[in-house]
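Quick notes on the structure that follows.
Numbering (this note's numbering), first residue to last: 6 to 430.
Rendered as structure tokens:
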């Protein structure tokens, strides 16, 4: 009898293994029993010489047939074992949890590094370049094969089995990148953030003083501090007390936001409602009214974009674009002194240890020749490493806000994802 080229693949192997249930241990016990019976019969054999010659021949023939059956059982057991090894369950469901976590971590880290690198590039006068990950498609292929070549000869004791198995695993991820350009570049980086978006962040619980400090150039003509080329424009005396008062009002829960649809656009209304106002809250609200020269109508104030207010119940916000925000952060990078001496960049305007927190860098970014051992994000630019310390929570929080501003700036802009053709495997 011959067994040749038995090949199985995938889930069919498991079904085939079920049809060949032969026990290797049982076959071994059979062989030992037959061997013992052979010796017992030889010892008990009697009669004349003819019977003594014929009986061993018959006994030997029967023994050979039984051994052949035993070897056949061994072969079937080996086939069943290899078929079971070759079978494989689906890998699809198990890969979802692993891939989602891994890809989320990889995309988040690359986003941080890309943002930090573009801030450094702006510091040295280079143009920022952004690539969006527009699609992630992961394709897996698993192939199992089994080959058994064997021969069992029933008239002799000779036989051989030559099993073989192979498994192949292929992981072919398809990642598509889309450069930020054209209209999307304009709306995401060049156009100022809308006042409604800024106050929506404040309404969501983000610190009002920090959000306004980073995103606003002026409120009703009261200007924020700004780095403009080789000069620093100091903030107006009223600006920092104003945003601090708004922050205290926010903490009490007395800052309200309402969006009203008035053709052809939506109007954002701000109010300071409170059922149980405290004297401190009333002082802060009155300070905001007096500083911004506000006269609310029915307790509500209209939020609009502009440098100066046009009506008494309006807060006119001149907001920054993402490029402006990146430039403000870039101005505070600690660059190597030789780069300033060689004219590659300008000296830092923000002092890291300034007495006023508003005069310190928005995000503390350090530099050195050697790669940092512990960093929240680190990039190399022209043989120098720039990083944010992992133990600097304030810098990490500010950088996280920055990436959140990026996401808000791109809201409503449909991405042009490429058309992909993924072959079936």
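By construction, the Cβ of each residue, glycine as well, lies at the ideal position given by its N, Cα and C atoms. All figures in this text were calculated on a predicted structure; none of them were measured in a lab.
CA nearest to the CA of residue 351, picked from 113, 127, 121 and 114:
Taking residue 351 as reference, the option from 113, 127, 121 and 114 with the minimal CA-CA separation is 127.
Let me know the secondary structure DSSP gives residue 423 once reduced to three states.
For residue 423, the predicted structure reports a pLDDT of 49, less than 50, and the residue's modelled location is therefore unreliable. The matter cannot be settled from this model.
Give the range of the beta strand (DSSP E) segment to which residue 391 is assigned.
That run of the beta strand (DSSP E) goes 389-394.
Integer-rounded CB distance, given that residue 118 should sit under 8 Å from residue 328:
No, residue 328 and residue 118 are not in contact; Cβ-Cβ is about 19 Å, not under 8 Å.
For residue 211, which three-state DSSP category applies?
Three-state DSSP puts residue 211 in coil, outside helix and strand.
Taking only the alpha-carbon atoms, compute the straight-line gap between residue 129 and residue 266 and give it to the nearest angstrom.
In this structure, the straight-line span from the alpha carbon of residue 129 to that of residue 266 is close to 44 Å.
Residue 391, buried or exposed, once every other Cβ within 10 Å from all chains shown has been counted against 16
A residue is called buried when at least 16 other Cβ atoms come within 10 angstroms of its Cβ; residue 391 meets this threshold and is buried.
Report the rounded CA-to-CA distance for residue 319 versus residue 269, giving the unit in angstroms.
If you take the alpha carbons of residue 319 and residue 269, they lie about 19 Å apart.
What's the gap between the Cα of residue 400 and the Cα of residue 257?
The straight-line gap from Cα to Cα measures roughly 26 Å.
What would DSSP say about residue 129, mapped onto helix, strand or coil?
Residue state, collapsed to three classes: coil.
Give the single residue among 325, 120, 371 and 137 whose Cα lies nearest to the Cα of residue 182.
Each of 325, 120, 371 and 137 was checked against the Cα of residue 182, and the nearest Cα belongs to 137.
In three-state DSSP terms, what is residue 184?
Residue 184: strand per DSSP, three-state reduction.
Quick check: the Cα distance between residue 411 and residue 225, rounded to an integer number of angstroms?
Taking the straight line from one Cα to the other gives about 25 Å.
State buried or exposed for residue 337, treating a residue as buried only when at least 16 other CB atoms are found within 10 Å of its CB.
Label assigned to residue 337: buried.
Are there three or more Cβ pairs, one per stretch, closer than 8 Å when the segment 284-303 is compared with the segment 243-255?
Yes: the two stretches touch, three or more of their Cβ pairs being nearer than 8 Å.
Note down the Cα distance separating residue 216 from residue 198, rounded to an integer number of angstroms.
Cα to Cα, the separation comes out at about 12 Å.
Residue 250: first and last residue of the uninterrupted alpha helix (DSSP H) it sits in
Here the alpha helix (DSSP H) through residue 250 covers 244-256.
Do you know how far the Cα of residue 180 is from the Cα of residue 188?
Whole-angstrom Cα-Cα distance: 23 Å.
Contact defined as beta carbons within less than 8 Å: I believe residue 398 pairs with residue 368. What is the distance between those atoms, to the nearest angstrom?
At roughly 12 Å, the Cβ-Cβ gap does not stay under 8 Å, so residue 398 and residue 368 are not in contact.
Could you pull the start and end residues of the alpha helix (DSSP H) that residue 310 belongs to?
Premise fails: residue 310 lies in the beta strand (DSSP E), 305-310, not in any alpha helix (DSSP H).
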